[in-house]
Structures are given as structure tokens and as C-alpha cells.
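Worksheet for the structure shown next.
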Amino acid sequence: MRKGGSSIAYIPWHQANRILDAYAPGWQWEIRQIYSTSDRLFLIGRLSIPTSKGIIYREATGTEELKEWSEKKQAITELAYGDPSSNAESMAFRRAAARFGLGLYLYDKD
């Protein structure tokens, strides 16, 4: 993915979903909280995985801008790339999966 001229490696939510289906059957995802400001949406999600010792969960946040300043137009504009709530949920889901170790290597700097 390219963002701000930089290339960012990440695992798309649907791939994380498939990996969890294969290696953690019975996993569950829930949105715990959603709130927003005038220009940003925030979401907290919980990924739960059943184990022989009980259910283990990790929570993570996701966020998405609703509006941004356009230098070209010299005005605040609505963002049109995707649905803000879906984007924030995808971010939270991928981050929660990373807290279980999924794709954690992508955060290594070397």
C-alpha cells in the first residue's frame, strides 16, 4: 500500500481472516466502541481466540479521517477513499491480529 509517497507493507483484513480461520477456528471479532470527532472516526475492537485454557482476547484501535485540509482548494474536503467505519474496523482488526503475532514481522525495521 502507498501512503504519503511511502510504500507500507501490511496484511489485508481478508487475509488475516483466512489465516485465523485456518489456525484459530472459532475466533470471534466484535466492535467494542465507536466514537468520532468532527474530522475523525475512532473504533475499538476485540479479537477473541478459543484455546484449551479458555478464551484469550486482544483489543486494538482503528481510526480514519473523515475530512482533510486541501491545499489545492484551500478548504476542508470530505475524504472519498472507502468507507471510514470499514477502514477503521479493518485497521483495528489487523492490529488486534498483530497482537497475537500475525504479521508482526512487517513491523521490523531491518
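Take the sequence shown: its position 12, counting from 1, is numbered 133 in the working numbering, and each next residue is one higher.
The beta-carbon is built from N, C-alpha and C at its ideal position, and this holds for glycine as well.
Computed from a prediction, not measured in an experiment: that's the story for all the values here.
Backbone secondary structure at PHE214 - three-state DSSP: PHE214: helix per DSSP, three-state reduction.
Which residues does DSSP list as the beta-bridge partners of ARG161? BP columns for ARG161 point to GLU186.
Which residue marks the beginning of the alpha helix (DSSP H) containing ASP142, and which one marks its end? In the DSSP assignment, ASP142 falls within the alpha helix (DSSP H) that extends over 134-144.
DSSP three-state label for TYR228, please. Here TYR228 sits in helix by DSSP.
Classify ALA181 as helix, strand or coil using the three-state DSSP reduction. ALA181: strand per DSSP, three-state reduction.
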